[in-house]
Amino acid sequence: MDAIIIRDIVAHILFSIQYNLVAGTIAPYALKRPDLRPVMEKILNFDVSACFMLNEVDHGCDAKNLETTATLQSDGSFVLHSPTPGAAKFMPPSMPIAGIPRIAVVFARFMIEGDDRGIRPFIVGLGDGKVMCKGVTRTLLPPIACGRTLDHSITSFNQVRLPSTAMLGSHRKPDDMRTQFLMAINRLGFGTLALSLSTIPGLKCAVLIAGKYSLRRMVHGPEGSLKPIISFRTQQLPILHALAESAVMEPHGLAVIFKGAVLQYTQKSFANLVERCGAQGVFIHNQLVEMEALNRCNGIAEGEILILCIRLATEILLGRYEIPNAIKPNSLIAKHEVGYIGELKRLLGNIEEGHRSEAYNSRLLPHCRSLIPAIGHRMAYEAAVDMGVDPDLLALYEAGVVKTDSSWYVENLGLSRTDQFEMECKTADDLVPRVGELLDRLDTMEHGPDTFSREMGDVRCWLRDC
35 MDAIIIRDIV
45 AHILFSIQYN
55 LVAGTIAPYA
65 LKRPDLRPVM
75 EKILNFDVSA
85 CFMLNEVDHG
95 CDAKNLETTA
105 TLQSDGSFVL
115 HSPTPGAAKF
125 MPPSMPIAGI
135 PRIAVVFARF
145 MIEGDDRGIR
155 PFIVGLGDGK
165 VMCKGVTRTL
175 LPPIACGRTL
185 DHSITSFNQV
195 RLPSTAMLGS
205 HRKPDDMRTQ
215 FLMAINRLGF
225 GTLALSLSTI
235 PGLKCAVLIA
245 GKYSLRRMVH
255 GPEGSLKPII
265 SFRTQQLPIL
275 HALAESAVME
285 PHGLAVIFKG
295 AVLQYTQKSF
305 ANLVERCGAQ
315 GVFIHNQLVE
325 MEALNRCNGI
335 AEGEILILCI
345 RLATEILLGR
355 YEIPNAIKPN
365 SLIAKHEVGY
375 IGELKRLLGN
385 IEEGHRSEAY
395 NSRLLPHCRS
405 LIPAIGHRMA
415 YEAAVDMGVD
425 PDLLALYEAG
435 VVKTDSSWYV
445 ENLGLSRTDQ
455 FEMECKTADD
465 LVPRVGELLD
475 RLDTMEHGPD
485 TFSREMGDVR
495 CWLRDC
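Be aware that the sequence shown starts at 35, since it is given in the working numbering, and climbs by one per residue.
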């Protein structure tokens, strides 16, 4: 992922939605329908701003139960309607802005004379950039907790007429409604990966800011001499772990598994880096808080991470989905993955009622969030080894992963807490003299925030400007 996205993360989000979700949904149909090619061209050229409307106010994780309807008319057209306030589409930006026309791929329940034919995507015009289309209403939502944001909205439809060409897909009633729904929303996997990949440049930028600040910020030692705060292990570890995470995670990407692994690590890292910059870490100008907030949003966008982990973990435990075997099965992380999966499969085997039972809900569901990162850490580690990532960073990454489930390594591999601490300590000792070099090797310097030209957020810059 190119580091330039940190120059404007919101622009990256818009680009990702328009290309990966909207254009990606329409493209397979456009191959067989020439009438869709003009709208595809407008989307790809950004002549229009396009959004992806799936979730509703009352239907997020259970989007398959959405209420918006698109009813076939006698002339072949459709009427799009939100029957209740809870059926309004939630979050996608829909405000008229800058005179740019807005369209959306809207998911609705396709109805023919009262017969539910399943959920289909429809191409819907929202407005011309100045006013909304007839029957389309929107309410601007409060801003999310970070700096620059999108115009997140609640959008509803009141008997909106759509042309016969608006629907993507056939009129035939599917044999399996669930399978048809999953096929209709298949681009969410690509969206999940694309948005999660932006976390790596963000983490690089955050660690560069925090690292340079820590090298420059001085305190008086016991003898009165000045020394940088990077001298303290409590300052070193968050920065070194973030460097290791960004280096190891970058070569790996497998949708939900990547999202699960990267978010488990980076949410903690962003918080630590903000904290280690003191009061200066919370200024919007320094971009750390903004990147932390957007990283949290990534955990929800294109599929809330907990729900995605539950679904994938369940498929793995039931044997419906297979993960590629470990290339380096003797690594600590690979042993943890195999052991954890085996432990949960044995637990599932003792539940006679199966995966839809209350026993599964109470005994296994709480493990799903941690199982997917366990798989992701192993895959990321192996990808990083193949890509020739710095061995010292790999070793620290491994030590950090061990700490995420410390008791398992004690119980199953006899790796005591002292041993685990020494793993981290030894690797950190090797990396501390190289902090400046590792920071300078990051590819985010030229695209970072104005803090780079303002001595990394030094408040004295503002005093000199006054």
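Note that CB positions come from ideal geometry on N, CA and C, so glycine has one too. Given the structure is predicted, the values throughout are model-derived calculations rather than measurements.
For Arg195, count neighbouring C-beta atoms within 10 Å of its own C-beta (all shown protein chains included) and say buried if the count is 16 or more, exposed if not.
-> Exposed: under 16 other Cβ atoms inside 10 Å.
For the alpha helix (DSSP H) holding Asp518, just list the boundary residues, first then last.
-> Absent from the model: residue 518. The displayed extent of the chain is 35 to 500, so no value can be given.
Could you spell out where the beta strand (DSSP E) holding Ile157 opens and where it closes?
-> First-last of the beta strand (DSSP E) with Ile157: 149-161.
Who pairs with Val139 in a beta bridge, going by DSSP?
-> Per DSSP, the beta-bridge partners of Val139 are Phe86, Ile157.
Spatial distance of Glu356 from Ile350 (CA atoms) | About 6 Å.
In chain order, what residues of the same chain lie with their CB nearer than 7 Å to the CB of Ile361, ignoring the 5 residues before and after it?
-> Short of 7 Å from the beta carbon of Ile361, and not among the five residues preceding or following it, lie these beta carbons of its own chain, in chain order: Glu416.
DSSP three-state assignment for Val423, whether helix, strand or coil = In the structure shown, Val423 sits in coil (DSSP, three-state: anything other than H, G, I, E or B).
Relative to the alpha-carbon of Thr461, which residue among Gly434, Leu473, Asp439, Thr438 has its alpha-carbon at the smallest distance?
-> The option with the nearest alpha carbon to Thr461 is Gly434.
Thinking Met201 and Phe144 are a contact (beta carbons under 8 Å), I'd like their distance in whole angstroms, please.
-> Indeed they touch by this definition, with Cβ atoms about 7 Å apart.
Report the option in Ala313, Lys98, Ser50, Arg468 whose CA atom is closest to the CA atom of Ile219.
-> Ranking Ala313, Lys98, Ser50, Arg468 by CA distance to the CA of Ile219 puts Lys98 first.
Label Ala313 either buried or exposed according to how many other C-beta atoms from any shown protein chain fall within 10 Å of its C-beta, with 16 as the threshold for buried.
-> Taking every protein chain shown into account, the CB of Ala313 has fewer than 16 other CB atoms within 10 angstroms, so this residue is exposed.
Return the CA-CA distance between Leu352 and Glu371, expressed in angstroms with no decimal places.
-> The alpha-carbon separation between Leu352 and Glu371 amounts to approximately 16 Å.
Can you tell me whether Asn306 is buried or exposed, with buried defined as 16 or more other CB within 10 angstroms of its CB?
-> Here Asn306 is buried: its Cβ has 16 or more other Cβ atoms, across all protein chains shown, within 10 Å.
Rounded to a whole number of angstroms, what is the C-alpha to C-alpha distance between Leu447 and Glu432?
-> For Leu447 and Glu432, the distance between alpha carbons rounds to 15 Å.
Does the segment 451-465 touch the segment 318-328, meaning 3 or more C-beta pairs lie closer than 8 Å?
-> Counting C-beta pairs with one atom in each stretch, the segment 318-328 and the segment 451-465 have fewer than three that are closer than 8 Å, which means they do not touch.
Going by Cα to Cα distance, which pick from Val140, Glu392, Ala276, Cys331 is closest to Ala121?
-> The shortest C-alpha separation from Ala121 is found at Val140.
Okay, do the segment 232-241 and the segment 266-283 touch, 3+ Cβ pairs below 8 Å being the bar?
-> A contact between stretches requires three or more CB pairs, one per stretch, nearer than 8 Å, and the segment 232-241 meets this requirement with the segment 266-283.
How long is the line joining the alpha carbons of Met211 and Pro126, rounded to whole angstroms?
-> Their backbone Cα atoms lie some 25 Å apart in a straight line.
Which residues in the same chain as Ser391 place their Cβ atom closer than 7 Å to its Cβ, once the five residues preceding and following it in sequence are excluded?
-> Contacts found: Ile385.
Through-space distance from Asp474 to Arg250, alpha-carbon basis = Approximately 14 Å, taken between the alpha carbons.
Segments of 4+ residues assigned as alpha helix (DSSP H) that fall wholly inside the segment 204-243 = Counting whole runs of 4 or more residues, the segment 204-243 contains the alpha helix (DSSP H) stretches 211-218, 222-231.
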